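Below is one structure, written out as structure tokens; the observations come after it.
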Amino acid sequence: MRLHWARVLPRGLWGGWGAPQVARSLCQRSSRPAGDPAGQAGGDASGDAAGEAVGAPAWRGSSRGVQDEDRGPAAFAAALAALEQAPGRRVGRLELVAAALAAMPVLGVAREREAYHRLLRLLPRGPWVPRGPFQRLLAPFPQQQECGLQILEQMERYGVVPDAETRFLLLGIFGPRSRPVRKCQRLLYWLPRLRHVDPHPLPPHLPPPGLAAARLGLHRIANDPDARITVYQHPVPDEGDNEGSVQPYIIGAQSPDQQSLLARHGPARPVFVEGPFPLWLRRTRLCYYVLRGDPLPPHLREDPPDPERSLYYPLHLDLDLERGPWDDDDFDVEEVEEGPVFALCMAGAGDRRTLGKWIAGLQEANPVLGSTPVVFRLGDGHPPAGAPGGPPAVPPPPAVLEPPDLPRGPGHSGGADAAGPGSGAGQ
Amino acid sequence: PINCLTGSEFFKFTNMALTATLLNSAYLGGRCCRRKVLHPLLGPLLSNSMSKLYSSYRRPGSQPEKKPTWQNIDFSFKKGIDVLKTQLSMLKKETKDYLIGPGGHPFNQYLLEQTRVLWEFRSQEDLNKWVISSDVEIGGKSEVYLKLGRNNQAALLYGTLNTEVPRDGETKYSGYCSMRAKPPVGSFARKKYYDWSNFNSLYLRVRGDGRPWMINIYTDPYFSHQKDDLYNYFMFTRGGPYWEEIKIPFSKFFLSSRGRVQDDQHPIWLDKASFIYTLAISTLGFTIGDKVDGPFQLEIDFIGLLNDRAHTEEFAYETYKKNPEV
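Line by line, the protein sequences give chains L and G. For the first sequence, the positions run 1 to 427 when the working numbering is used. For the second sequence, the positions run 428 to 753 when the working numbering is used.
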């Protein structure tokens with residue numbers, strides 16, 4: 001006698017040995033290793049004995065086991081649909097919701113509102129609505145409301161804005177004046193308002209790390225709409241992360257103002273190539289290098305006064321008509337003295353040869369670089385703690401926050417050993 | 428479709444702002460319970476660390492404090508005399524400043540000023556006015572360090588963020604690092620408050636690496652149920668080799684308590700109500716918690732205040748009842 005309905009009885013941990021087939025298949029999908037042919041042939045929901053040994057916590061850790069065809073809304077929908085059709089009373093649905101919430105980021109559907117709607121439709125509509133003011137007074141259905149709150153909290157964490165359908169589902173399940181409905185109202189107030197708070201927004205879909213991301217990053221930090229971005233070397237191979245590839249990409253940005261500054265800097269004073277400095281584009285970390293010089297001494301900063309200038313009338317009139325003479329927006333603090341930036345660059349590899357190629361490319365637009373000594377100060381950017389010179393000998397105790405002793409102190413003279421005798425390559 | 432845009436940064440901040448990102452128990456801020464106010468002479472004799480004195484968070488699994496507070500005090504006579512001398516000289520300076528004008532500045536400066544520099548970072552003692560912390564307090568693995576930048580001209584706050592959740596059964600989220608200013612303390616360990624009523628925006632000259640930060644203002648409140656209240660707003664850095672001047676008006680700061688944005692919002696009070704210090708600004712802090720594992724760095728040149736006459740907004744959020752009965 002086949003007792004199909006008995007499958008929905010809560011035997012064992014969710015996903016464990018006594019668990020229903022569908023839930024085990026949900027877990028098996030995520031625990032199967034990536035290149036396992038036996039697992040691939042096993043397909044879905046067909047009760048392989050191999051899955052029986054998998055306990056509930058085991059599948060949470062291995063996200064690398066999820067294959068591409070198992071990800072996505074289709075997989076999540078299939079898993080939940082099989083469960084929706086399971087006959088009988090749905091016991092254990094709070095645990096199911098908790099397990100599904102934990103599985104959503106693994107399956108890649110955490111940013112999709114439809115998946116949360118599907119999850120909300122599993123919950124019953126009616127039994128959890130308090131009847132009357134006295135029941136409402138007694139904090140009714142605390143665990144169930146907590147479960148609804150967990151769903152909304154995950155939506156909030158992944159930035160999914162609820163919509164009218166979400167609110168409708170929540171009203172049907174929990175009733176008005178319940179905590180999930182209030183939280184939904186709160187999300188509907190704050191999330192759309194805080195969406196546009198970023199003054200430098202990035203496009204919603206970022207390119208993968210590589211030349212395109214570097215171009216976007218350079219455009220972002222160039223700080224000048226006239227800056228010209230030039231690709232000095234195309235990557236070979238074209239796609240993928242270019243670390244260690246045959247030919248890394250080199251892309252640089254320079255604006256006309258920077259070109260004139262470099263020409264004025266003169267061949268007598270050296271210029272420095274510094275880096276790598278970090279730039280984050282949401283979740284990707286890029287590194288950029290800077291060509292800059294030391295700040296000029298005070299007597300060289302401005303052009304010498306023209307002996308034919310008129311002492312009666314000003315030659316330049318900078319009238320700020322929006323401000324009056326009583327307005328003073330300057331801060332009483334010494335200015336940070338830093339040398340001018342002449343060019344920016346991002347490269348697939350950060351060694352001297354690659355950057356030397358960048359300097360050679362820059363020389364075509366700035367002939368003065370041919371005679372200027374170029375000093376490479378690589379690794380002088382602020383590296384993460386512990387990176388320069390290797391990790392500290394004794395790891396600090398976890399509760400004490402003290403900076404490690406970096407081998408180099410701050411200051412311009414810090415990069416002396418990176419500057420070889422005379423200039424680096426690049427001519 | 429609306430889902431595409433949710434990949435942007437705003438969800439990170441809503442997470443920081445709206446959820447109890449870190450702690451299920453008390454949130455660590457610069458606040459103090461009224462009942463834990465120290466005796467003025469004994470205050471300076473205790474250790475200088477903020478976290479122990481001000482927080483009531485206990486790590487799950489750790490033993491509760493059995494030792495009474497008075498046993499921690501070092502009752503040394505010589506040290507007491509030294510402390511008394513320091514405090515008396517501070518009191519003398521304060522009296523002189525009071526006679527000169529509000530905040531130690533002459534009246535014409537107070538009435539006409541449109542900018543003010545609050546914190547600048549030019550020496551080690553400027554760095555000592557700040558306290559750094561990270562989720563190591565709750566058992567996480569993020570690191571944060573503060574040092575002077577190049578040529579002693581800026582402060583560099585750097586470290587690594589690690590969102591691995593500590594396995595204590597209670598904590599659900601992790602991964603934050605923060606830098607908070609020490610609250611101003613007068614002579615004999617009296618609390619002083621900032622008076623920022625002449626200004627309407629915060630001015631920061633920073634150079635970040637593109638990661639978003641959150642600025643928290645703590646007003647040391649009189650009532651203990653407000654002790655976890657913070658006024659927050661975001662600071663987005665662009666990254667790059669150029670310094671960024673970020674102006675954040677005070678009308679944009681929203682109120683949150685223990686990490687949850689409150690329904691009843693009100694603008695932050697910039698002046699201290701002298702009859703009762705209900706809302707008076709005590710500390711400022713920067714936090715990073717954008718759920719991305721990896722190193723971060725922020726260089727800060729100075730933090731100041733600005734009276735932006737072009738900004739006429741009083742408050743950016745509605746003050747009427749926003750979560751009415753359905």
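We put the beta carbon where it would ideally sit given N, CA and C, even for glycine. Just so it is clear, the structure is predicted and the values come from calculations on it, not from any experiment.
If you check each beta-carbon in the region 364 to 380 of chain L against every beta-carbon of chain G, none falls closer than 8 Å. Of the residues assessed, G/Tyr660 falls on the buried side of the cut-off, its CB having 16 or more other CB atoms within 10 angstroms.
Apart from sequence neighbours up to five positions away, the residues of its chain that approach G/Met606 with a beta-carbon distance below 6 Å are Trp557, Ile559, Leu584 and Phe713, ordered along the chain. The CB of G/Thr542 comes closer than 9 Å to the CB of Asp328, Asp329, Asp330, Phe331 and Asp332 in chain L, given here in chain order.
G/Gly667 has a beta carbon lying within less than 8 Å of a beta carbon in chain L. In this structure, DSSP gives G/Asp728 an extended state, which the three-state scheme calls strand.
Scanning L/Leu123, L/Phe134, L/Gly132 and L/Glu156 for the CA closest to the CA of L/Gln143 turns up L/Leu123. Our two residues, L/Cys345 and L/Tyr288, have alpha carbons roughly 6 Å apart in a direct line. Distance from the CA atom of G/Glu671 to the CA atom of G/Gly635, rounded to whole angstroms, is 8 Å. For L/Asn366 against G/Gly667, the beta-carbon gap comes to about 21 Å, at or over 8 Å, which does not count as contact. When rounded, the separation of the alpha-carbon atoms in G/Phe626 and G/Thr542 is 8 Å. Identification of residues in the region 198 to 217 of chain L having a C-beta nearer than 8 Å to some C-beta of chain G yields Asp198, Pro199, His200, Pro201, Leu202, Pro204, His205 and Gly217, given in sequence order.
In this structure, the beta-carbon distance from L/Ala213 to L/Pro207 falls below 8 Å. At a beta-carbon threshold of 9 Å, the residues of chain G lying near L/Leu344 are Gly667 and Pro668, ordered along the chain. Between G/Leu573 and G/Leu554 the beta-carbon gap is near 6 Å, inside 8 Å, which marks them as a contact. Secondary structure of G/Asp509 (DSSP, three-state): helix. Not a single CB atom of chain G sits nearer than 8 Å to the CB of L/Leu107. Using a CB distance cut-off of 8 Å, L/Gln185 counts as an interface residue toward chain G. Note that the C-beta distance between G/Leu631 and G/Ile695 is not below 8 Å. Here L/Ile250 is near L/Lys357, since their CB atoms are less than 8 Å apart. Think of a sphere of 7 Å around the beta carbon of G/Asp728: the chain L residues whose beta carbon falls inside it are Val336, in chain order.
Here G/Ile695 carries a coil assignment [DSSP, helix/strand/coil]. For the region 221 to 240 of chain L, the set of positions with a beta-carbon nearer than 8 Å to some beta-carbon of chain G reads Ile221, Ala222 and Asn223 in chain order. Of all residues in the region 631 to 656 of chain G, only Asp636, Gly637 and Arg638 place a beta-carbon less than 7 Å from a beta-carbon of chain L.
Within a 10 Å sphere around the beta-carbon of L/Tyr312 sit fewer than 16 other beta-carbons, which makes this residue exposed. L/Leu149 and L/Arg179 do touch by the CB rule: their CB atoms are close to 6 Å apart, below 8 Å. For G/Glu547, the enclosing beta strand (DSSP E) starts and ends at Thr542 to Glu547. Residues of the region 281 to 294 of chain L whose Cβ lies closer than 7 Å to any Cβ of chain G, in chain order: Leu281, Arg282, Arg283, Arg285 and Val290. Here DSSP, grouped into helix, strand and coil, assigns G/Lys618 to strand. Residue nearest to G/Gln689 within the set G/Ala707, G/Gly531, G/Lys748 and G/Arg617 is G/Lys748 (criterion: CA-CA distance). L/Tyr232 has its alpha-carbon roughly 43 Å from the corresponding atom of L/Met104.
Across the region 729 to 751 of chain G, CB contacts with chain L closer than 8 Å involve Phe729, Gly731, Leu733, Arg736, Tyr744, Lys749 and Asn750, in sequence order along the chain.
At a cut-off of 8 Å between beta-carbon atoms, L/Pro276 makes no contact with chain G. When the beta-carbon positions are compared, L/Leu101 and L/Ile151 come within less than 8 Å of each other. A residue is called buried when at least 16 other Cβ atoms come within 10 angstroms of its Cβ; G/Trp497 does not meet this threshold and is exposed. Within the region 124 to 150 of chain L, no residue places its CB atom closer than 9 Å to a CB of chain G.
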